[in-house]
Amino acid sequence: QVQLVQSGAEVKKPGSSVKVSCKASGGTFSTYTISWVRQAPGQGLEWMGSFIPLLDIAKYAQKFQGRVTLTADKSTSTAYMELSSLRSEDTAVYSCARHDTGMDAFDIWGPGTMVTVSS
Amino acid sequence: QSVLTQPPSASGTPGQRVTISCSGSSSNIGSNAVDWYQQLPGTAPKLLIFGNNQRPSGVPDRFSGSKSGTSASLAISGLQSEDEGDYYCAAWDDSLNAYVFGTGTKVTVL
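In order, the protein sequence lines correspond to chains A and B.
Per our numbering: the first sequence ends with 119, consecutive numbering throughout.
Per our numbering: the second sequence ends with 1110, consecutive numbering throughout.
Structure, rendered in structure tokens:
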């Protein structure tokens, strides 16, 4: 069974960057597409972008273009999401999710990583 | 500001049927499949319906999805207390070139 384990909570200053990791266990990591979704406190879900480790290709939501970088290390089956120029509005839970190509949907989710941006 | 609109809340008594609507446009629901996610309190979202009306393995058949034009619906029949949580529709949007989620609906079991 594929599981996604994420890095721990972070507290960051405005203007700084944060890098969240998502390690996959089980399955063949290089064949996945890993997406990142965030959820601000009390708010809904927001897709940030997706990364295809097999092709080293990233697709970003326009809102985050230029501020988010998605990468992966195939040797450790770990995906990364780095968000720069943090502001208070970026305070949210950041989750990785596997995009299953057969279902064309996010079938496995990580537990989420809380990122708090505060001076 | 999500491009997929859902009612903020829905409720029912145990055993009742509850329906949640999801309204979109020709660039998302009108031309792409709709997925539904369930988020129980304090947990990560869970895929409930994919491809408009398909259930992943393990999802009870009490949950069903449908789509017509630029709208979609999720029905929960035989409502149970453990169904309390937030439900989100989602679809790819060709204009935004993004996967968009609905505004979310909080389901309460009375």
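In this text, a Cβ means the ideal position worked out from N, Cα and C, and glycines have one as well.
According to the DSSP assignment, Leu1047 (chain B) belongs to the beta strand (DSSP E) that extends over Lys1046 to Ile1049. Under the rule that a run must span 3 or more residues, the beta strand (DSSP E) segments found entirely inside the segment 1012-1075 of chain B read 1018-1023, 1034-1039, 1046-1049 and 1063-1068. Segment contact: the segment 1006-1018 of chain B against the segment 9-27 of chain A, fewer than three CB-CB distances shorter than 8 Å; contact not assigned.
Under a criterion of Cβ atoms nearer than 8 Å, no residue of chain B is adjacent to Pro41 (chain A); the nearest Cβ is some 13 Å distant.
Boundaries of the beta strand (DSSP E) harbouring Leu83 (chain A): Thr78 to Leu83, taken from the DSSP string. Between Gly1102 (chain B) and Gly1069 (chain B) the beta-carbon gap is near 16 Å, outside 8 Å, which marks them as no contact.
Excluding sequence positions up to five before and after Gln1 (chain A), its CB lies within less than 7 Å of the CB of Gly26, all in the same chain and listed in chain order. Annotation for Thr33 (chain A): the continuous beta strand (DSSP E) segment containing it runs Thr33 to Gln39.
Here Asp73 (chain A) is exposed. Its C-beta has fewer than 16 other C-beta atoms within 10 Å. Residue burial is scored here from C-beta neighbours: Gly112 (chain A) has at least 16 other C-beta atoms within 10 angstroms and is therefore classed as buried. For Phe51 (chain A) and Ala1091 (chain B), the gap between their C-alpha atoms comes out near 18 Å. Of all residues in the segment 1054-1078 of chain B, the ones placed with a Cβ closer than 9 Å to any Cβ belonging to chain A are Gln1054 and Pro1056, in chain order. When only Cα atoms are considered, Asp1094 (chain B) and Ala61 (chain A) end up about 12 Å apart.
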